[in-house]
Structure formats: structure tokens, C-alpha cells
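Quick notes on the structure that follows.
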Amino acid sequence: MLNKIQFHIDENEQRQQQIEMEAAKLIQRRHHDGIEAFKRNIPTLLPSLMSNRSRSATVFCNKLGHINIIDYLTGNVLYGLNPEQESKKHIDNALSRAPIIDISVEKANLQSAELLVVLGLGLGYYLPELIEQKKYKYIVIYEPNEDYFASSVSAIDWKSILRKANEADIALFLQINKDASELYSNIEELNQNFSVRGMVIYKHLNSPSFDSVERFLRSNLWQDMASWVPAHSLKSSLVNYVPPWTLHVESGSWSEQNLDHCKKEKNLAALAKYFPNLHKEFSNYSPQFWMPVANTTGETNLCYESTGALFYDDSPSQGGKDSFSLFEQHPNKDGLILGYKGIKLRNYLHYRLVSECESIMSGLDEVKGALPEKVRSLIFFGLGAGYSLNELIESHSVDKLFICEPNKDFFYASLFTVNWDEILHCFDDGDKRLYLNVGDDGTNLTDDLLVQFQSVGPYVLANTYFYQGYYNERLVAAISQMREQLQVIIAMGDYFDNAKYGLAHTRVAIEKDTPFLLDNASSLLSAHVKEVPIFIVGNGPSLDDLIDVLKSEKDNVVIISCGTALQSLHRNGITPDFHAEIEMNRATHDWATRIQDNEYLKKIRLLSCNGIHPDTMQLYGNTLLAFKQGEASTVACAELHNHKKFAHLSHAYPTVSNFVVDLITTLGFQQIYLFGIDLGFKDPNYHHSKMSGYYQDNGKELYDYASRNNTTILVPGNLRPWVNSKFEFKVSKSVIEQSLVSTKSSVYNLSDGAKINGAIGLNSDDVLVLSTAELKKELLNTISHSAFAPVNKKEFNQELSTRFEDDSLSEELLSLLHLLKRELKTREDIDQVISLQRDLLVSSLFRKKSLLFFLLNGTLNYINSVLSKLLNIGDDDLLMEVGKTIIETWIRYVEDIMSVMENDEIGLDGSGSFYGLRRNIYLKTLSESQSIKINISPSSKLYALEKWCEIQNIKINDIHSPEGKRIEFGFPTDELDEEAIYIVDSLSSLAIGMRGCYKALLSLACVKPDVSFSIVPPEFDQVHHCANALYSTIEDCIVIPKLIVYQNSKIDGLNTVTKALQHYTVYETQDFLLLTSKLLSEEALILAFGDRLSYRPRLTEELLIVRIKTEKEFLSVSALKRQ
302 MLNKIQFHID
312 ENEQRQQQIE
322 MEAAKLIQRR
332 HHDGIEAFKR
342 NIPTLLPSLM
352 SNRSRSATVF
362 CNKLGHINII
372 DYLTGNVLYG
382 LNPEQESKKH
392 IDNALSRAPI
402 IDISVEKANL
412 QSAELLVVLG
422 LGLGYYLPEL
432 IEQKKYKYIV
442 IYEPNEDYFA
452 SSVSAIDWKS
462 ILRKANEADI
472 ALFLQINKDA
482 SELYSNIEEL
492 NQNFSVRGMV
502 IYKHLNSPSF
512 DSVERFLRSN
522 LWQDMASWVP
532 AHSLKSSLVN
542 YVPPWTLHVE
552 SGSWSEQNLD
562 HCKKEKNLAA
572 LAKYFPNLHK
582 EFSNYSPQFW
592 MPVANTTGET
602 NLCYESTGAL
612 FYDDSPSQGG
622 KDSFSLFEQH
632 PNKDGLILGY
642 KGIKLRNYLH
652 YRLVSECESI
662 MSGLDEVKGA
672 LPEKVRSLIF
682 FGLGAGYSLN
692 ELIESHSVDK
702 LFICEPNKDF
712 FYASLFTVNW
722 DEILHCFDDG
732 DKRLYLNVGD
742 DGTNLTDDLL
752 VQFQSVGPYV
762 LANTYFYQGY
772 YNERLVAAIS
782 QMREQLQVII
792 AMGDYFDNAK
802 YGLAHTRVAI
812 EKDTPFLLDN
822 ASSLLSAHVK
832 EVPIFIVGNG
842 PSLDDLIDVL
852 KSEKDNVVII
862 SCGTALQSLH
872 RNGITPDFHA
882 EIEMNRATHD
892 WATRIQDNEY
902 LKKIRLLSCN
912 GIHPDTMQLY
922 GNTLLAFKQG
932 EASTVACAEL
942 HNHKKFAHLS
952 HAYPTVSNFV
962 VDLITTLGFQ
972 QIYLFGIDLG
982 FKDPNYHHSK
992 MSGYYQDNGK
1002 ELYDYASRNN
1012 TTILVPGNLR
1022 PWVNSKFEFK
1032 VSKSVIEQSL
1042 VSTKSSVYNL
1052 SDGAKINGAI
1062 GLNSDDVLVL
1072 STAELKKELL
1082 NTISHSAFAP
1092 VNKKEFNQEL
1102 STRFEDDSLS
1112 EELLSLLHLL
1122 KRELKTREDI
1132 DQVISLQRDL
1142 LVSSLFRKKS
1152 LLFFLLNGTL
1162 NYINSVLSKL
1172 LNIGDDDLLM
1182 EVGKTIIETW
1192 IRYVEDIMSV
1202 MENDEIGLDG
1212 SGSFYGLRRN
1222 IYLKTLSESQ
1232 SIKINISPSS
1242 KLYALEKWCE
1252 IQNIKINDIH
1262 SPEGKRIEFG
1272 FPTDELDEEA
1282 IYIVDSLSSL
1292 AIGMRGCYKA
1302 LLSLACVKPD
1312 VSFSIVPPEF
1322 DQVHHCANAL
1332 YSTIEDCIVI
1342 PKLIVYQNSK
1352 IDGLNTVTKA
1362 LQHYTVYETQ
1372 DFLLLTSKLL
1382 SEEALILAFG
1392 DRLSYRPRLT
1402 EELLIVRIKT
1412 EKEFLSVSAL
1422 KRQ
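Per this note's numbering, residue 302 is the first one in the sequence shown, and the count goes up by one each step.
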């Protein structure tokens, strides 16, 4: 099982290159001669050799100078270190005991066979000697893997083989791309032509098809094979997957009699104490497919009972040592994805903390070396016989060990090899943690491990190693998914802002008597209404080709649009019955506003989760909500007694389509159709419906989507072999598949995107709807009035105030600050801070007095992950310097969190998406509903007002009129006007001018920023912000348009602004700040152009700037602003 490429190449790169150079000439000559030989002898096979398609397997030269096959997709090699020697020994052993099969009609007592059928060519090392022996007159070789055949041309001398076969009158038949499922008809045809006497079968390689043939002929006559039908699926299952190349049991060499039964009994006794369920299952266990066998020295191997294939080579113990030794030298640690690359939420406290920490840690290198003697955490995937686990335990101390063995037969075998008795007592005595997951086929693996890491603190993953004991192709997807989801467990966590806004939004929804999904909702719907087809409509590019289906069937089915698909439906005159959103930030409000059709929105019912933004809810006719499992707001509400009757959706992430699929399957609907749920795309520039807000009217992208998203991930397609995708979509696909596992619904996927397992791919022409408009109407009425109900807000508010006390939250935050301010001298002190923070958080949860756990769990896990990552720095002085800086930064943010919870506990989110477009829509609506009168002075600045009107495409009353609102550049020396706003470019002018309740705009030109990497918003932008403030209800304020800054450029002088204005209350939008002398009311937080202000605890330099990440985007913005 030492089939990883690392075992087969020399650690010395130069030595390996020299070996490869020496072998290259031979490989090239054989390849050339082989091609020529096939041209002359079997030209029909040339297409398999000359194909231009990319191959997944090819030859390589190992460290001993031998040619082997490497599979690029898995990193596995086919044979051991000496392929030629192994192949010859393999065929000699097999043929020495292979029975002769009589394929003639008249039975005869055959002593020899004329025909040899070989299952698997591989590199064909056995062929030269086979031809030389001249034992068989006919040789038929099946090789389903074309790449193996192509590789053999570089490894063996086909020129000589074909020549000698001709000279010896041996008929050689190469069945390339054939898996022997047509063996009977092939051999019967051969027999009719040549009257073959006797056949021997030699299986060189393992495959489900080859194994099936071998098993059948072992227990049946040849004539019986006429009625043999290959299994419907020739893919091996998880537990009966056999590697393609294995040894076979030789008589007397491996036996059950040699197993260490004393060790097994001792291990079972230990399991009885620590894992009683495992003890119960394995006390009288009978293996299904793999039998444990041992040699005379007591080494345990695994034998595939139906074919005799051995899982390991001659020495499983040495193989386990070698495998773990390589891991020790080059341990694998996935780490965690901690950063945030998005834009719309970058102003959140959590993401500002992330940005600061990333800046502090940039350029630091972790120690990369051998596996340390003390290992904090390790995932051990794939025990096999268990010899590698023994090596781990004997040479390392592991604090947290997570063992996953999906094959129960393998775990049973480990009872004869692993010192489970000692291991379990060691972990118990040492106060360590051991997790055993046995028999999970990957379905629940990720969820189970996530629960485990959540219980110990997911930041542990920053220092978690991953060891895979063996390869199993049926586990590739499960392992990949597990590792990917573990990596993003922190990044996708419920951080402070998300938790705080989720709680605030939920409280508003409950206060407004918004109905929530009931736990027994499915039982309240009659069977016949559940048969109404549900069309779930996403905004994938394939939606453009499916619009006609929606138009023709919309009266008889329920249409649910998801997210940005609503714009596409609106443009095509389709009003969905429901519209679904999942994001709790205010971007959902901005997207819907861009439709510019309030009457249309009021005809639609909104479906969403409990954290949906109240501003979004107000846009629609009515709203139906469901609690989303895992959200801080849901978990906190679940603590309350009156919450028990409501459902919790467990697969409603990460996209809105996941939420809708989870909701609809929970309600028990039987016919579900997916439209535009692409989760992938064939063209990276065509990533959403072109009728949606991602594209301009001319069909061009609104922004460069591919540059902001990694769209290079390939996944299987629904209506084509492959499509591109991105990580979020890949996660979304797997979560939808989890939703469909337990449903009895028929789900049809019409989308030309990623294949979704559990959904049937369907062409649009094959959609058949039998429902009626009357049945649809009955369903809509039933859902709205029966399946959802409001929360009793009086009881809710009483229980909420009793369960979560503000004073307790303040006390616990102060306790957190106290432990963070302790003196730090050693790396152990930083390690202790990590533990103490976690302990404080968990104790708060069990204390049941405050919201601390629900608010800080995600963000504290993040900071603990950062500190855990720091512990990998080898230089102690550098570690302490950076560690102290990180903790000092964290202290500031904890103080900010205290301020937010004191002054803005129920404040709503103010983030947005394409806020410039939304402002323009609000501005036009305002100009239509009332006269906008603005004049500007001095007159030399009139051009700025004219330019603003041109950009916004609006007309205002006579701009030369002295009436109306006024924008003045500079403060007047005489009396100030309440109807005016004053633009100044110096702090001194601001200090002198701000006397009384008036409005001002401070231009950051006052800090004289370097124009080569920063942009001061021009005067027409300043006019825009002034108009926004003038037509809002705020009485006095200072507006500060943010500087636009390239990447991480440093702007000198901003500290003078923060110091001068630190006594003001700070509010923020995407591109400007608004400072006031007091906290604003809820009504005042929404400005005239649709912005919602967000409270900020202090004025910082970072709040004063917007960073642009790419040079291309910066230059584009610069050109526009300086126009």
C-alpha cells in the first residue's frame, strides 16, 4: 500500500533528475519503436496511442531506475518499487494454480490450455516472457484504461513482442477500452473460428468488472456465462474497493490461525470500558469482505475474501512504519482559511479585526519541518490494519486524536494489531481527547468532525495535522469535502457582527408578528397540495434558456425565485409566488430596489430566515420566515421555552437555493424542479443570467466577476461532462445533496450547471405538469395560514430579558479584558490565553446569564486561530512581539464590542450592494415626489452641481434660484443657515465654523494625501453627499467622504482628524462617515438616498478610507473621479 508517489522518487532532487535523464533515451526509443510496430501490425490501436486528449496516467522513472505508472489525479503509482519483478512473480504464482476452463461443447479432460485471457494489461512486463514460453496459442488481453496501454508503449519492447508473437504463430488480441463484460461473446466468436481447446484466466489487475468475471467463473461452468449479466454498476463500493494492483494469498503463507487473539480480547475489554457501543458491535463481529489474516511472524494483513487479494504486501508492519515515517518527515497540515476577500461586509468590526491581524502577520513564516514530538491535534483517516497508528503513539504525544475508519472490517483487523488497551488508558490518564468514527461512509463524517471541533474549539484546526493511512477512490470526494469544510469552519462562522445583527433583525421580525415555520408544518399540508410542482428559480446562466418554460407553466405551479433571479423574472413579466433571500445584510434591500417596481414587489411573498433585514421585509407583500440552524440568533432563541414549536432548518446554507431546497423538502412537497440552480458555468464571463443585475443593458458585466472569484474549480456537469465552479458553489452543491438524501421528493434539475446527486437531470422539453390553477391557489392559501405562525412576542420578550441580562454581558466582557491584559512572557502564556478565552466563553454558555457565547463564539474562535497559528513561529522573541501586538489589537476590538452593545444593541445592519445605483433610484423617486431645490455658492462652484445632475441624470429646479437648500464652500462670517451645508477642507475652518446645530462636510484634502496612490472625492461627489444630508432628517452633522486608497498604502495625517473629532458619535456608510453630537433615532438612521447608517464605536483612520485591491480598478476609479 506504499503507492504514494513520494515513496517512489528520490528525496534528493538532483539524484532523481539524473535517474530520469538516464532512463529518458530508453523510454523515447521504446515509444517510437512501439508506435511503428503498431502501425505495421495493429493499426486499429493507433488512435488510442496518438490521441491528443490529456491523460490522467503516464509513466515515470522511480528512484531505482524502474518504469512505473503514476495517476496524476490521485498521486498514486500502480506497482511497487520493482514493477517488472513483481509482475513476473505475480503471473507465475497465478498461473501455477489457475484452473483450465473447458470452453468446448464436447467436454474433455484437458491437461493444457491454448487460450490465455489476461484481465489487465498494466505495463505488460509479463508479456515478453509469456511470448517466449510459447505456452499459449491465443492471448486475449483486456485493458479498460487506455492510458495504461499508452504507458506500456514507453515501458516494454512492443516491437520485439509483436515480432516474436508472429514468429511463434501466437495470436495476440488487445481489447483496449474493454472491461471484459463481453468476455463470453468474444471468446465464443474466437472459438467458432479457431476451435480453441481450454482457457486459463489470469487477473493481472483488480477492478469491479474483472473481479465479477473471476468470481462467476470460479463457481460456474463456462456455458453458464451465456446468461451472465454484468452488475448494473461496476463501481466498487466503499468497503469492497480493492486497489488495482495487489498480491494474492499463497497457500499456507497467510492464515487466520496466526492472528493474535489474546490482543484482540484485551482490546475488546478496553473498548467495553471506554467505547461500549464499539465493544458491543465487535465482540462477535464477522467480517463482510476483508478477512484479517496473519503470517507466521504474527503480522496481520487483510484478505479480500472473494478474490484472495491482499491489501498489503509481504510485510504490513514495515509498510505501516514506512508510510508513517514519510508523514513524520513531511507532515500535512491544511490549516485554516481565515481572511475575507469580499467587499460589501468589509466595514464589519469582525472583518476590520481580520484585516488588521492579516496586516500584522504578513510576511511571517511558520516553522515547516518534521512532525513535532508533542502534537496538539491530528486527524488519522484510514486505520487499515493499524500499524501506522502504533508508530504514531509510540513516538509522539498527541493531545487530540480524531480517528476515522470507514471500513468496519479494517477496524476489526486493528483489534489484532493495535495496542488499543494501552492507547485508551493513556488518553484517559493524560486528560487527552480521543475520537473514534467507525463505519461512516462519508455521509456524516464532515458533520461529525465539525461537532467534535466545535466542542474543543475549532481554532484547534490551525494546528491540526492530517494523516491518511490508505487510498480508497470511493472516499476521495468525502475526504476532499471534509478537508475543505474544516478549512473554512472559522471563515464561515457566526462572527460578532453577524450574530449581533441576526439577533436584532430577529427581534424586529418577532415584534412585527412575522409568521415562522412550524415544526409540524408538513403534517398540516394535505397530500394532494403537496403534489403541486415547485419551480425553484436561481439566477444561473441557464435561466436565460428556461424562461419560456416558466412562462408557460406559471399559472399551475408554485414559482420561488432565489436572490438575484427576481430581476430576471421581472424583466420577463413573470411574478413569482414567493421570493427567497438568505443574507441578513442589507444588500438584499438594494438588489430589490434596483427593480424599480414597488407594486410588483408587493404582489410577492418573501421567504427567508430569521435574520433577514427588516428593510427588505418592508418591500414585499408579506413575509414568511424559518429559523436557520446554527445561527447565533436561532441558537439563542432555542434557549427560550416558547420557541419549541418552531422548525429549525439544518441545511439552509450557504446560498439561498440551499435554504429553499431545505424548506421545500421539509414541507414535504413531492415534485421539485430546479431552474438556474447552476452552481457552475461553462463560460466564466457568463456566470449569472444576463437579464439580471450582474449585467448592464448592453450585456457587459457590471464588474469583473472572475477576478473577484476563483472560478477555476472543475465539477461534474448536469447536462455536460464538466463545468467551472467556485468554492462557495461547491459547498452549496454538497449541502443540497445532503438535503436530498433523506427526502422522498422527486427532484428534477433542468440547469446546465453542476450535477447535483439526488436530482435527476432533465431537459426542458421533458417537463410535464399535471397540476391546476385551483390546486395551486389552495396550496398558497394553506401555506400562508397553516404552516407558519407568529411567535408570542410578549412571552418572547419576557423570557429574553430573563435569560439574557445586559449587566451579565458587561461583566463577562470585562472579565475577558482582564485576562487579555495579563503579562505575557513566554509562548506558554499565549497558549494559556487561548485556553482561558475558550474557558470563559464555555462557562458563559453554561452559566446561562448573557449573550456572550452567542455573540463572540465565531470572532473569539478566529482570534484563537490566529494565536494558535502564531505558535508555529520558531523564533520566541518574534513570537512574543507579534503575539502581544495581536492581543493589544484584540483588546481594542473587545472594547469596541462593549460600546456597540451599550449604544447599538438592536441597531440594524447598514451594509449594501451597488449602493450608487440604489442611491440614484431613491434620488429619482425623491425628485418625482417633491421639488428638489439646491443652489450653490460661490458661483464658481456651479459646475460641480451641474456635473452631479448630469451623472445622476436628474433635473432640479432652477439651479440659479436663491431659494431652497444651499451648499456653500466655506463657512460664512455672518449667521449660519439651517437649510445649508458647508464644505470645508481644513480642521481649523471646521472648528471655527461649527457653532450650533448645523451641517458641514469635511474634505480629507485637508491631510494633503499623495495623489499617486489616493483619491480625494471630487467636488461633484461632495455635492452628492451634501444633497443626501440636506434632504435627510438629521439636524446637525459632519459628513466626511472617505479617501480612496490603493491597496495598503499609508496616509499620513489622518490621525490629526481622528484626534480632533474623537468626541463625536460616529456613523458609517460604504463611502462616507457621518458624525453627530448624540445617538440618532431609528428614523434618522435612514438617509434621503436610501442609505442606512451603521453605528461605529470610535473614529479610526481605517474608517476614513476605502481600499481598492487591484491596480486596474484603482486606475479606473481614478480616471472617473478626475474626469
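Note that beta-carbon positions come from the ideal geometry of N, C-alpha and C, so glycine has one too.
May I ask you to list the residues that DSSP assigns as paired with residue i?
| i | result |
| --- | --- |
| Glu695 | Answer is none; Glu695 lacks a bridge partner. |
| Trp1023 | Pro1017 |
| Thr1366 | Thr1377 |
| Arg906 | Phe879, Asn923 |
| Asn1050 | Leu975, Gly1062 |
| Glu774 | According to DSSP, which records beta bridges pairwise, Glu774 is partnered with nothing at all. |
| Cys1338 | Lys1300 |
| Ile1237 | Ile1268 |
| Arg1408 | Val1346 |
Rounded to the nearest angstrom, how far is the Cβ of residue i from that of residue j, given a contact under 8 Å?
| i | j | result |
| --- | --- | --- |
| Leu1081 | Asp814 | Leu1081 to Asp814, Cβ: 20 Å. No contact. |
| Tyr1332 | Ala1389 | 4 Å |
| Ser1065 | Leu847 | 6 Å |
| Phe682 | Tyr768 | 7 Å |
| Asn1019 | Asn1050 | 5 Å |
| Gln930 | Ser909 | Wrong, their Cβ atoms sit about 15 Å apart, outside the cutoff. |
| Arg1219 | Lys1149 | Not a contact, Cβ separation roughly 42 Å. |
How would you write the range of the beta strand (DSSP E) that residue i sits in, first residue to last?
| i | result |
| --- | --- |
| Trp591 | 591 to 595 |
| Phe817 | 816 to 818 |
| Ile835 | 835 to 838 |
| Met500 | 500 to 504 |
| Tyr443 | 439 to 444 |
| Pro1091 | 1089 to 1091 |
CB-CB under 7 Å to residue i, same chain, minus the five flanking residues each way: which ones, in chain order?
| i | result |
| --- | --- |
| Asp614 | Gly381, Leu548, Gly620 |
| Val936 | Phe1155 |
| Val962 | Ile837, Ile1037, Ser1040 |
| Ser616 | Glu600 |
| Lys831 | Gly969, Phe970, Gln971 |
| Tyr1204 | A quick correction: the sequence has Asn, not Tyr, at residue 1204. Leu1380, Tyr1396. |
| Glu1189 | none |
Excluding the 5 residues flanking residue i on each side, which residues of the same chain have their C-beta closer than 6 Å to its C-beta?
| i | result |
| --- | --- |
| Ser823 | Leu968, Gly969 |
| Asp1238 | Checking the sequence shown, residue 1238 turns out to be Ser, not Asp. Cβ neighbours of Ser1238 beyond the five flanking positions: Glu1269. |
| Asn1221 | Gln1253 |
| Asn377 | Asn304, Tyr772 |
| Gly421 | His505, Leu506 |
Looking at the unbroken alpha helix (DSSP H) that takes in residue i, where does it start and where does it end?
| i | result |
| --- | --- |
| Pro429 | 428 to 434 |
| Val1201 | 1177 to 1204 |
| Asn494 | 484 to 495 |
| Phe1147 | 1128 to 1148 |
With distance defined between alpha-carbon atoms, name the residue in the options nearest to residue i.
| i | options | result |
| --- | --- | --- |
| Ile1284 | Glu692, Leu1041, Asp1322 | Asp1322 |
| Val514 | Glu1096, Arg1148, Tyr443 | Tyr443 |
| Thr1359 | Glu1402, Tyr605, Phe754 | Glu1402 |
| Arg1341 | Gly1354, Thr1334, His1326, Tyr1347 | In the sequence as presented, Arg is not what sits at residue 1341; that position holds Ile. Cα-wise, what sits closest to Ile1341 is His1326. |
| Ser663 | Asp1311, Ser1313, Lys1077, Leu1171 | Leu1171 |
| Ser508 | Lys1242, Leu776, Ser482 | Ser482 |
| Asn1028 | Val789, Asp1353, Gly912 | Rather than Asn, the amino acid found at residue 1028 in this sequence is Phe. Closest option to Phe1028, Cα to Cα, is Val789. |
| Glu1276 | Ile1257, Ser538, Leu1376, Tyr1299 | Tyr1299 |
| Ser626 | Lys479, Ala671, Arg464, His562 | Ala671 |
Keeping to the same chain, check which residues put their C-beta closer than 8 Å to that of residue i; ignore five residues upstream and five downstream.
| i | result |
| --- | --- |
| Gln476 | Val441, Ile442, Tyr443, Glu444, Asn487 |
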